[in-house]
Amino acid sequence: MKIAVLIKYVPEATASWRFADDRALDRDGVEGRLSELDEYAVEQAIRLAEAGAATEISYLTMGPPRAVDALRKALAMGGDRAVHVVDDALHGTDAAGTAAVLAAALRRIEADLIICGMASTDAEMSVLPVMVAERLQLPAVVNAAVLKVADGSLTVERDTEDATEEVVAPLPALVSVTDRSGEARYPSFKGIVAAKRKPVTTWSLADLEIPADRVGAGGAATEVLAVRPSPPREAGTVITDEGDAAARLADFLAANKLL
Amino acid sequence: MALRLILGLLMTAVAFTVAGRRLFMLYRLGRAAQPADPGRTRGGAARLRAELTEVLGQRKLLAWTVPGVAHALAFWGFLVLALTIVEGYGALFQRDFHLPLIGTEPWLGFLEDLFVLATLVSVLIFAGIRVRHSPAREGRRSRFFGSHLDAAWLVLFMIFNVVWSLLLYRGAQINTGNFPFPGGAFASEAVARLIRPLGAGANDVIETAGLLLALGIVLLFLVLVVHSKHLHIFTAVGNVAFGRRPRALGALLPVYSAGRPVDFEDPGEDDTIGRASIEDFTWKGMLDFATCTECGRCQSQCPAWNTGKPLSPKTLIMGLRDHALAAAPYLLAGDKSRVDALATAAAQTPLVGVDGVVHPDVLWSCTTCGACVEQCPVDIEHVDHIVDMRRYQVLMESSFPPEAGVLLRNLEHAGDPWGRGAGARTEWTDGLDFPVRTLDGERLPDDVEYLFWVGCAGAFDDRAQRTTRAVAELLHTAGVSFAVLGGDETCTGDPARRIGHEVLFQQLAAQNVETLNNAGVRRIVATCAHCFNTLANEYPQLGGAYEVLHHTQLLSRLVADGRLVPVTPVDATITYHDPCYLGRHNRVFTPPRELLGSVPGARLTEPARTRETSFCCGAGGARMWMDETIGTRINETRTDELLAGRPDIVAAACPYCVDMLGDGVALRRQQDRVDEHVVVTDVAEVLLRSVREPAGPAAPLTANEPRKAQP
Amino acid sequence: MSTVLVLVHHDDGVIRKSSLELLTLARRLGDPAAVVHGDAGDALAEALGRHGVTTVYAIAPPDPESYRPAVEALALAQLAARTAPVAVLITSGPSGTEVAARLAVRLDGGIITDAVQVRAEAGGPVATQSVFAGAWLVEGRVRRGTPVITVRPNAVTPEPAAEPVTPQVERVELAEPVPAAVPRVVARRAKAATGRPELTEATVVVAGGRGVGSAEGFALIERLADELGAAVGASRAATDLTWCPHELQIGQTGKTVAPQLYLAGGISGAIQHRAGMQGSRTIVAINKDPKAPIFQIADFGVVGDVHTVLPALIDEIAKRRG
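Read top to bottom, the protein sequences are chains A, B and C. Just so we're aligned: 410 in the numbering used here is position 66 of the first sequence, and the numbers increase by one with no gaps anywhere. Just so we're aligned: 819 in the numbering used here is position 705 of the second sequence, and the numbers increase by one with no gaps anywhere. Just so we're aligned: 145 in the numbering used here is position 87 of the third sequence, and the numbers increase by one with no gaps anywhere.
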């Protein structure tokens, strides 16, 4: 069984995030990393390989040249090869365009199982796994907490709003995993050195035969009209408990008609 | 005479063969080990000084008075006894042999007898110590717990035998008229008087038998020595000669493979990173293992051992030695398939592992406080070995206590253990009534005297922020111009290096060195003892040479120069806790005490373990970021030691210590075991309170809310 | 006026609060048409009418066991092709997001997720999203295809229509079969009912974090929640320490809530947690650490021990309510 893992290069959580002039997230000059939530997907793929269920792990990302760092990080954790879709025309691509590009790349990678994180830590849309699956006409199971593969099918345990479910889907399939699926390993130096020797293939839009007018800000099905900082919350009152905090807090709730 | 000669030489030949084979094997084992880091022979003067003070002068042994004196007696006794052995061999050939030149001087006879008796006294003292502090009586508290006790007793017994057999021989020699000394040898003469009534014939026999017996016992002793911990008699000289000078504390060495520093950007195919197995240790490591005398001074001071954890520096080194010897036949064999099964199994036992030579709990219990290295009379470099083993575990196996992953990830992604990131580095300046200059990538202006290295704790930890602000205010008051790096500062890399993640350390350190060099920084003041140590001792390894001061050093100078004047009395008993990385590792003992001493009203008390023997707070060696689940907590043990002097203020000079001890005092307060008013604080805060005018707002000292160390 | 398709969820005819919020928003954009799964009974139709729904599309699933998001996506795609709506509104959340994502691909249009506000504009509906843990607001619009918009629960206050209408109810048969390769739920264990409101829909949420210290400490959070009729939430630390069930987790990898009152006990307010509760109207925080980031966004903060403040607060509230 071949596994493809979709990963994303995102800004560091501690960086100061801002928008560039074109109202896209300013990624220049901001430290980036493999999205923390994607590390769980990488971990699950490696565990399947370690358990003998997978024979090959490929990573796929679409992003600027620096996004190769995310691929290298994943390769340092484990896995075999990586594909980086990089093209100047991709800047500003929306979710729909990204899904189209990733689906085109996945058709070439031909994986039996596609694993993704539950969301990216920057855009946080969580739509990409399903959009990719829909484009590939694959079953998708999102938010898996436990993941098993046997006899050509995928079994997932997951929590929904009101229940814990066991969901089965035939392979090939796509699954997104949550942060409960299992702590991601910390890559060893040995892994980092090995990762330098693993192949990373670069594909352009032309390689994927995707017309440039379907991607980038110009080809996006959505447009950003305005960005502005959230109005600052009015500075609140902070008191130190001297035995009267409960009464003062109750006063506050009452005054705001919250009791 | 001929019989005497033949028997004597025969015995000697057998003993030398047995001992020689052993020594040759040990030599081959040392040769098979990795080359040591370069610099083991550099600095001849310091090495000679160490030989004179530590070997001849017995300096480190004498730090423990009774056992130290006993050992000095035995050591000097053996040096002098060596003369009697030469005399004995001479007497094999010529019954009345004497050493040339001084061989018949009565004072030499006296000296020899004096040290023969001194050796006997030392044996008795040693025996007394071993009985009194036997593990059977004291359990884990005994420094001999885990040592090879039978071998130690056997050696004492053999020394005793050497003494009496020698005296017997010498007494008979007097009676037969073959003794080289006309007088002075008082003890031998006493024995002579005792056995004279046996008659001339008997004394004749006793002389020969005594000589062969004495030589036989010495030869047996030689064989015993090369097969036991008493090998240190020979190896200690070399181990001290090739040890790190002035001591194996302060900086950690970079990662060496085959004697060359490893280039982590482009590592060689055959590079060994850290210690994966026993043969990855250097010959100096092997020499360390061979030299351990199992005396347990290290164990008696080890914070891990003293709080019920499985790590004892002594048993760690003993375990490595025993393992090296068990695996030696395999390691030294040309054809490995013909090695016996036991040795093969030993060689294949993992170095670190639950079923390995070193249990992971042992490896991860170390706080790198250096108490063991400080104590070791033969200069074994325990901390270096532990970090080297950690290096392999972290870098190659990615194996470490899982909670430490948070530390490593935070360092990697945010540049600090708390994971707060550069943006929050100057939050501590909020509310100061003077501006703090922040470089933010600019060059250090010429009028700025010091770069104030704030440190991650100083920037992000609640209590440490107060110290940072206190130091800033004191410097401002004293008119010292300083600047901070602001968001360009990152962790110095101390916790990364000490957990064994050398790659991460190199990255962080290289980045800081570049920042500091680009800013033209020459003089740095740091509040964190760990930052101080890394900046001062480790950054030179990466091309960053600065004059680094700890804040207690700078503040003490400012007080001495009258630029800071403590005026307001602080009516309190203050106990000062020496942070390991300030005191033991860097020998800064006096400045913090001078500072506290300069505060009117303050009464300084010393805890039982202080200065060189200070007891770790539990946070070093990246332990700050690991769970402490085995035994009792180190910080509580140290807190109790400090509170024993009933202080009002526990003062430290390192944010980690203040945090750990603060937690300890808070816990004891919850348990009503310490008075409400007792606080833990940095020395600088005490000084600030005294420097401020009495009319000014009294700076309340750090409160003791328990804080979670985890980021 | 043009149609706005709204995916409505109900429990035995009782419309979910989050769906009512969608209908409230939909009326600002056009004529709401409700799409419901299964038969729409009279009571449901009437209730929908009170919220201005002119048409109810009742999806007839080919098989009750069919994978629901797939069925809903197919039905919505079919209806969107027929009615050319100005927008399709769906509630944010794992299943809503899945439906929206599939639908957007089928319609080859744009998708906007987790909107906190939607307003009508000449060029089509404009949705506002709160991003980067609530630090920024982004206004965006779909410019190709039918806009598919998911809306965060509690973003608006649900209100009935000024004039109730009587909706037409139409049964919708799927024109194309549900794909064979879909996930199948083989086992389902419903969570124990707590009697408390659903977390994402509650108007008051009381949440606990590492600072409560233990499962017993967490019980204080539950007691206060019951006193206030609130839902119980938690930070990841508290769920990781298994002081409470995982589904109570609020934050980046848990639920997003925006209640009228959010009361955090022993939660420091790491950015991952703030991402899930920043939209709350009023935030109250109790924490021992005066530097806890939660105080930066709290309307009322108490620096103190939850173990003393919470019991006192529970008593105080009980006293005031007589």
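C-beta: ideal position from N, C-alpha, C; glycine also.
**Report entry** alpha helix (DSSP H) segment containing A159(C), residue limits
**Finding:** 152-165
Requested in this report: Tell me whether the beta-carbon of T465(A) lies closer than 7 Å to the beta-carbon of S379(A).
Outcome: yes
**Report entry** Cross-strand partners of H68(C) (DSSP beta bridge)
**Finding:** I73(C)
**Report entry** Members of the region 359-372 of chain A near chain B, C-beta cut-off 8 Å
**Finding:** A359, S360
Requested in this report: Take N647(B) as the anchor and find which of H615(B), Q625(B), C694(B), L175(B) has the nearest alpha-carbon.
Outcome: C694(B)
Query raised in the report: Since L143(B) contacts A538(B) with CB under 8 Å, what's their CB separation in whole angstroms?
Result: Wrong, their Cβ atoms sit about 53 Å apart, outside the cutoff.
**Report entry** Outcome for I431(B) when other beta-carbon atoms lying within 10 angstroms are tallied against a minimum of 16
**Finding:** buried
Query raised in the report: So P355(A) is in the beta strand (DSSP E); what residue range does that whole segment cover?
Result: 353-355
**Report entry** 9 Å Cβ cut-off: residues of chain A touching P375(B)
**Finding:** Per Cβ cutoff of 9 Å: no residues; P375(B) is ~15 Å from chain A at best.
Query raised in the report: Considering only C-alpha positions, which residue in the set N289(B), W190(B), A355(B), W178(B) is nearest to A159(B)?
Result: A355(B)
Query raised in the report: When the cut-off is 7 Å and only beta carbons count, does P483(A) lie next to chain C?
Result: yes
Query raised in the report: Can you tell me whether D773(B) is buried or exposed, with buried defined as 16 or more other CB within 10 angstroms of its CB?
Result: buried
Query raised in the report: Going along chain E, which residues have a C-beta under 7 Å from R539(B)?
Result: Here the protein chains are A, B and C, and chain E is not one of them.
Query raised in the report: Given a threshold of 16 other Cβ atoms within 10 Å of its Cβ, counted over all protein chains shown, does Q784(B) qualify as buried or as exposed?
Result: exposed
Query raised in the report: Mind pulling the chain A residues with CB within less than 9 Å of P381(B)?
Result: F533, V537
Report task. For the region 704-718 of chain B and the region 664-680 of chain B, state whether three or more C-beta atom pairs, one from each stretch, are separated by less than 8 Å. Result -> yes
Requested in this report: Check each candidate in F189(B), E511(B), A304(B) and name the one with the smallest Cα separation from A420(A).
Outcome: E511(B)
**Report entry** Endpoints, alpha helix (DSSP H) assigned at N749(B)
**Finding:** 748-757
**Report entry** Alpha carbon of P225(C) to alpha carbon of L65(C), nearest angstrom
**Finding:** 15 Å
Report task. Closer than 8 Å by beta-carbon distance: list the chain A residues that pair up with V617(B), in chain order. Result -> F533, I536
Query - Close beta carbons around E228(C), own chain, < 8 Å, minus the five adjacent residues each side - result: T113, V114, Y115, A116
Query raised in the report: By a C-beta neighbour count over all protein chains shown, 10 Å radius and 16 as the cutoff for buried, is Q481(A) buried or exposed?
Result: exposed
Report task. Using a cut-off of 8 Å between C-beta atoms, extract the partners of H473(B) located in chain A. Result -> The contacting residues do not exist; H473(B) stays about 21 Å from chain A at best.
Query raised in the report: Can you tell me whether V237(B) is buried or exposed, with buried defined as 16 or more other CB within 10 angstroms of its CB?
Result: buried
Query raised in the report: chain A partners of R612(B), CB-CB under 7 Å?
Result: Within 7 Å Cβ-Cβ: nothing; R612(B) doesn't reach chain A, min ~16 Å.
Report task. Find the residues of chain A that neighbour E511(B), judging by a C-beta separation of less than 7 Å, and give them in chain order. Result -> S532
Query raised in the report: Taking C-beta to C-beta, are V559(A) and R367(A) nearer than 7 Å?
Result: no
**Report entry** Strand pairing of E510(A), partner residues [DSSP]
**Finding:** E501(A), A245(C)
Report task. Counting only the same chain and skipping the five closest in sequence on each side, list residues whose C-beta sits under 8 Å from that of N524(B). Result -> D530, P531, W532, G533, P825
Query raised in the report: So, A265(B) versus V492(B), is the Cβ gap smaller than 7 Å?
Result: no
Query - Contacts that L522(B) makes with chain A (C-beta to C-beta distance below 8 Å) - result: Y530
Query raised in the report: So which of V270(C), V244(C), L286(C), V72(C) has the shortest CA-CA distance to A292(C)?
Result: V270(C)
**Report entry** Among V240(C), G151(C), R247(C), the one whose alpha carbon lies nearest that of Q310(C)
**Finding:** G151(C)
Query raised in the report: Which runs of the alpha helix (DSSP H) spanning at least 4 residues fall entirely within the region 116-152 of chain B, listed in chain order?
Result: 116-146
Query raised in the report: Taking the Cβ atom as the reference point for each residue, do R577(A) and I355(C) lie within a distance shorter than 7 Å?
Result: yes
Query raised in the report: Does the count of Cβ pairs from the region 351-371 of chain B and the region 637-654 of chain B closer than 8 Å reach three?
Result: yes
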